Amino acid sequence: MQQPWGSGCRIVEWIDEHGQISRRAVAADVTEDQVVATIRQHVTGRKHVLIDDERQPRQVLPRR
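First residue of the sequence shown? That's 723 in this note's numbering, and the numbers climb one at a time after it.
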């Protein structure tokens with residue numbers, strides 16, 4: 723039975739070479755190759771936070 727709100731999804735999360743965290747919603751049945759392609763095709767977009775303040779810096783993790 724089809725769910726009334728559409729098919730499922732999952733969140734793909736990665737850290738880029740600058741230590742910035744990115745997240746993207748993808749289809750639940752996505753393959754590993756499609757996840758890799760999603761990460762490689764990533765474009766910087768608007769950051770959504772609990773308090774949507776564009777003046778806030780991006781979340782960056784310390785690099786070792």
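We put the beta carbon where it would ideally sit given N, CA and C, even for glycine. Remember, predicted model here, so these are calculated numbers, not experimental data.
For residue 736: DSSP bridge partner residues: 744
CB-CB length for residue 758 against residue 732, believed under 8 Å: With 8 Å as the limit, residue 758 and residue 732 do not qualify as a contact, their Cβ atoms being about 15 Å apart.
Nearest-angstrom beta carbon gap, residue 750 and residue 728 [assumed within contact, 8 Å]: 10 Å between Cβ atoms; not a contact.
Where the alpha helix (DSSP H) through residue 756 begins and ends: 754-762
Secondary structure of residue 749, DSSP reduced to three states: strand
Distance CB(residue 744)-CB(residue 754) smaller than 9 Å: no
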